[in-house]
Amino acid sequence: MHGIPVNAPYLTRDFLQQKRCSAQLMETTYVYDFPKMFREACRQRWTEHIRHNDLPKTVVPVELMRCTELVLDQYDNLIEIHRVPGQNDIGMIAWKMLLRVPEYPEGRDVIIIANDITHKIGTFGPKEDKLYLKASELSRAHGIPRIYLSGILSRDYVITMATVPCGVTITMATVPHDKMYIK
1 MHGIPVNAPY LTRDFLQQKR CSAQLMETTY VYDFPKMFRE ACRQRWTEHI
51 RHNDLPKTVV PVELMRCTEL VLDQYDNLIE IHRVPGQNDI GMIAWKMLLR
101 VPEYPEGRDV IIIANDITHK IGTFGPKEDK LYLKASELSR AHGIPRIYLS
151 GILSRDYVIT MATVPCGVTI TMATVPHDKM YIK
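The numbering used here puts the first residue of the sequence shown at 1, with every later residue one more than the last.
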């Protein structure tokens, strides 16, 4: 049951709802909702592409996005895992995503790094610094874009792009915060 023991008491508001509420109270988006937003952005991009080019819907890849979380193991090595959202024990989250958009139908890898404002108000300490460093090094080593999403006390996320080789442009907007697009 999503990593929760079967004998745990029933909660009227689940763990993720509590995290989302905390983020909303700080007028921002819960960090673990961003992968869904990226998937939706890919879907919207394909919809626009099909409509604009009068193409059949069959050109859309079945899997629009693949996402694995990057975490530090006990020796501070960066490893890829699949786990339930919200299981982080530090205030920094990193993902390796494969995004499939019309410009890259086979997919384009990106590294996404974001702070979790619901974990100690997104404090950037030694563990967060190490995860940020290791994920950034992975991005540079493989020549793939790195995007840092910094949660601030606003409905918008400040989005900074870095390590974008070969002129790849990834444009994102969160105004309003439930809309995002990739170009």
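Where a beta carbon is used, it is the ideal one built from N, C-alpha and C, also for glycine.
Beta-bridge partners of residue 41 (DSSP): none assigned. Put simply, the region 132 to 148 does not touch the region 54 to 66. Fewer than three CB pairs are less than 8 Å apart. Scanning the region 75 to 144 for uninterrupted beta strand (DSSP E) segments of 3 residues or longer gives 78 to 81, 92 to 101, 104 to 115, listed from N- to C-terminal end.
Using a 10 angstroms sphere on the CB of residue 77, the tally of other CB atoms stays under 16, which defines it as exposed. Residue 147 sits close to residue 110, with the two beta carbons spaced by under 8 Å. The beta carbon of residue 57 is closer than 7 Å to those of 50 in its chain, skipping five residues each way along the sequence. Counted as a single uninterrupted DSSP element, the alpha helix (DSSP H) harbouring residue 16 occupies residues 15 to 25. Boundaries of the beta strand (DSSP E) harbouring residue 71: 65 to 72, taken from the DSSP string.
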